[in-house]
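Encoded as structure tokens, the structure appears first; notes follow it.
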Amino acid sequence: MLKGEKVVLRALQEEDFEAWYRMNDDVDLTLSGTGRWVPVSIDIARERWQYLLHSSPEVRVNFGIEVADEFIGMLSIKEIDRHNQHALLSIALSGPVHIGRGYGRDALRVVLRWAFQIHNLHRIELETWATNERALRAYRAAGFVEEGRLRDAVWLDGQFVDVVIMSAIRPEWLQNDQVATLKAHAL
Amino acid sequence: MLQGEKTSLRAWEQTDLPRWHELSRSVYLMQMGGGDWYPEPLARLEYWFKKSLEKGADDEFAIMADGKLIGGVGLHHSDRRSGTTSFGIGIYDEAYVGRGYGSDALRVFLTWVFETQNWRRLWLTTWSTNQRAYRAYQKLGFVEEGRCPEEVYCDGAYVDEVIMGLLREEWQARRSRGVSHVKG
Chain S
44 MLKGEKVVLR
54 ALQEEDFEAW
64 YRMNDDVDLT
74 LSGTGRWVPV
84 SIDIARERWQ
94 YLLHSSPEVR
104 VNFGIEVADE
114 FIGMLSIKEI
124 DRHNQHALLS
134 IALSGPVHIG
144 RGYGRDALRV
154 VLRWAFQIHN
164 LHRIELETWA
174 TNERALRAYR
184 AAGFVEEGRL
194 RDAVWLDGQF
204 VDVVIMSAIR
214 PEWLQNDQVA
224 TLKAHAL
Chain Z
15 MLQGEKTSLR
25 AWEQTDLPRW
35 HELSRSVYLM
45 QMGGGDWYPE
55 PLARLEYWFK
65 KSLEKGADDE
75 FAIMADGKLI
85 GGVGLHHSDR
95 RSGTTSFGIG
105 IYDEAYVGRG
115 YGSDALRVFL
125 TWVFETQNWR
135 RLWLTTWSTN
145 QRAYRAYQKL
155 GFVEEGRCPE
165 EVYCDGAYVD
175 EVIMGLLREE
185 WQARRSRGVS
195 HVKG
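So the sequence lines, in the order shown, correspond to chains S and Z.
For any residue, its number in our numbering is found by taking its place in the first sequence, counting from 1, and adding 43.
For any residue, its number in our numbering is found by taking its place in the second sequence, counting from 1, and adding 14.
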């Protein structure tokens, strides 16, 4: 498992299902992450959960985000492309009590250290909505750089919103002292 | 079951998996074994264990000490025609690392490999950064046979893979001289 200053990243566990299900049933949270929310019956959710538990690490690696032994969210490195040493990142935190406390940016910093130093990836890409200021700040703080906008690319809660594409690349990450100092104590 | 002075070697059981899962949280020790680390859900370990039972794997041991699972050792790349095989060993409980438990388990394992199982050549690979392992293998009689430069990406750098090997005759000769077999 990987230790940050505030969070621990570890494998998903069967027992995380309840918390994960509640997280996905929260309309506001889900909209901020995926742009749409539809009702999902618990059996379908369980199937999805089993898919996540058994996903092949060649392609997709899922981390449970833990604070004080409690599952508070999930971070995934997915669509791992070994030829280009490239992958996509997604992160979701459960419940308003866990949001705005620096857990997300701590988890992001730790996972970049893992992705670049241990897993030998070169580029991590993510997308978010232009209206999600808090997410944008967290990604920037963790070392992600905005590199493009897809205009009006999602319909979000009554309006069209731009999609912001961001990435972190290894050479830049290695130069960034603030992040590199994490190397010493991230594990 | 094989009995050493500090360790015993026995088959893996389904009931070992939660403990194994706990041990596999050690990023550093897992990297020393495989170069990489990623989070593995217990559910996946259970899936793979079932698969290995179906295949009838009979060359993998759990390493036990003080009644606890502390690591594993097993054969890979086995070639019966030539009587040659490689192995991998890992001690994954931090409290038992660097204290002779791995060497103790290997001494027992070597007897099983060469005498009980009739292999005549045993080889292994490790990383050039794993000096502790290198010295332990040397003490047991393994000889460095080659290096593959920058073979593996491990903890932010490309490191050499070191190949080491031991022939049964060499092992027997050392044993008859009383070297390294009974006591480290």
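Note that beta-carbon positions come from the ideal geometry of N, C-alpha and C, so glycine has one too.
Only counting the same chain, and skipping five residues up and downstream in sequence, which positions put a Cβ closer than 7 Å to that of residue i?
i      : result
L95/S  : L55, N105
Q218/S : none
E184/Z : G155
W216/S : L155, F159, G186, V222
G18/Z  : D118, A119, R121, V122
H91/Z  : T99, S100
R5/Z   : Only positions 15 to 198 of chain Z appear in the structure, and residue 5/Z is not among them; the question remains open.
W157/S : L45
Who are the neighbours of residue i on chain B, taking C-beta pairs under 8 Å?
i      : result
Y167/Z : Here chain B cannot be found, since the structure's protein chains are S and Z.
What does residue i pair with, by DSSP beta-bridge criteria?
i      : result
Q160/S : DSSP lists no partner for Q160/S.
S137/S : Answer is none; S137/S lacks a bridge partner.
R24/Z  : A76/Z
H90/Z  : S100/Z
I87/S  : Per DSSP, none; premise fails for I87/S.
Y172/Z : Y167/Z
F106/S : L118/S
S142/Z : Bridge partners of S142/Z: none, in fact.
A211/S : I167/S
V154/S : According to DSSP, V154/S bridges with nothing at all.
Q17/Z  : S22/Z
Smallest Cα separation from residue i: which of the options?
i      : options                        : result
G215/Z : K153/Z, G179/Z, E159/Z         : The structure shown has nothing for residue 215/Z, since chain Z only spans 15 to 198.
R161/Z : D169/Z, H90/Z, G155/Z, T143/Z  : T143/Z
Y151/Z : E36/Z, R94/Z, D118/Z, Y61/Z    : D118/Z
T174/S : D124/S, V140/S, D205/S         : D205/S
I208/S : W172/S, E215/S, H129/S, D195/S : W172/S
W133/Z : F101/Z, L56/Z, S66/Z           : F101/Z
T77/S  : R156/S, A111/S, F60/S, S133/S  : S133/S
T29/Z  : K82/Z, S92/Z, G104/Z, Y110/Z   : K82/Z
T98/Z  : R121/Z, G116/Z, R146/Z, V127/Z : V127/Z
F114/S : D195/S, E57/S, D71/S           : E57/S
S75/S  : D200/S, I123/S, R53/S          : D200/S
W63/S  : N127/S, G116/S, V140/S         : G116/S
D73/Z  : T130/Z, G18/Z, R95/Z, A57/Z    : T130/Z
M44/S  : E108/Z, S38/Z, P32/Z           : S38/Z
Q93/S  : L56/Z, R121/Z, L67/Z           : L56/Z
E101/S : G47/S, R125/S, F203/S          : R125/S
F60/S  : K46/S, T73/S, E90/S, G47/S     : E90/S
R182/Z : G48/Z, R121/Z, Q145/Z, D169/Z  : R121/Z
P214/S : E36/Z, R149/Z, G170/Z          : G170/Z
I123/S : G138/S, D112/S, S99/S          : S99/S
Q186/Z : T125/Z, L31/Z, V157/Z, R149/Z  : T125/Z
S137/S : H129/S, Q128/S, G107/S         : G107/S
P53/Z  : E68/Z, E36/Z, L67/Z, K65/Z     : E36/Z
Within its chain, find whatever has a CB closer than 8 Å to the CB of residue i; leave out the 5 residues flanking it on each side and keep chain order.
i     : result
W51/Z : V41, M44, Q45
G48/Z : none
Just checking my contact of residue i with residue j at CB under 8 Å: how many whole Å lie between their CB atoms?
i      : j      : result
L59/Z  : W34/Z  : 7 Å
V50/S  : E109/S : 6 Å
Y167/Z : K20/Z  : No, Y167/Z and K20/Z are not in contact; Cβ-Cβ is about 34 Å, not under 8 Å.
L169/S : Y182/S : 7 Å
V87/Z  : F63/Z  : Wrong, their Cβ atoms sit about 17 Å apart, outside the cutoff.
L52/S  : L118/S : 7 Å
E164/Z : Y172/Z : 4 Å
Y61/Z  : H141/S : About 31 Å separates the two Cβ atoms, so there is no contact after all.
R152/S : G47/S  : 7 Å
L72/S  : A111/S : Actually they are not in contact, since the Cβ atoms of L72/S and A111/S sit about 20 Å apart, beyond 8 Å.
Can you list, in chain order, the residues of its chain whose CB lies under 6 Å from that of residue i, leaving out five sequence neighbours each side?
i      : result
A147/Z : T140
A211/S : L155, I167, G186, F187
K121/S : R103, L131
A227/S : Model confidence at A227/S stands at a pLDDT of 45, short of 50, so the residue's coordinates are unreliable; what they give is reported in the following sentence. The answer is none, since no qualifying residue turns up.
G85/Z  : I77, G104, I105, Y106
L89/Z  : D73, T99, F101
F203/S : D195
A88/S  : Y64
Is there at least one non-hydrogen atom of the ligand NAP closer than 6 Å to the beta-carbon of residue i?
i     : result
N67/S : Looking for the ligand NAP in the displayed structure turns up nothing, as the structure carries no ligands at all.
| field | the region 21-36 of chain Z touching the region 77-88 of chain Z, judged by at least three CB pairs closer than 8 Å | value | yes
| query | Given 8 Å as the limit, is there contact between the region 65-72 of chain S and the region 153-171 of chain S, that is, 3 or more CB pairs closer than that? | reply | no
| said: When you compare the region 142-150 of chain S with the region 82-101 of chain S, are there three or more beta-carbon pairs, one atom per stretch, that lie closer than 8 Å? | reply: no
| task | Count the CB pairs spanning the region 165-177 of chain Z and the region 132-149 of chain Z that are closer than 8 Å, and state whether there are at least three. | result | yes
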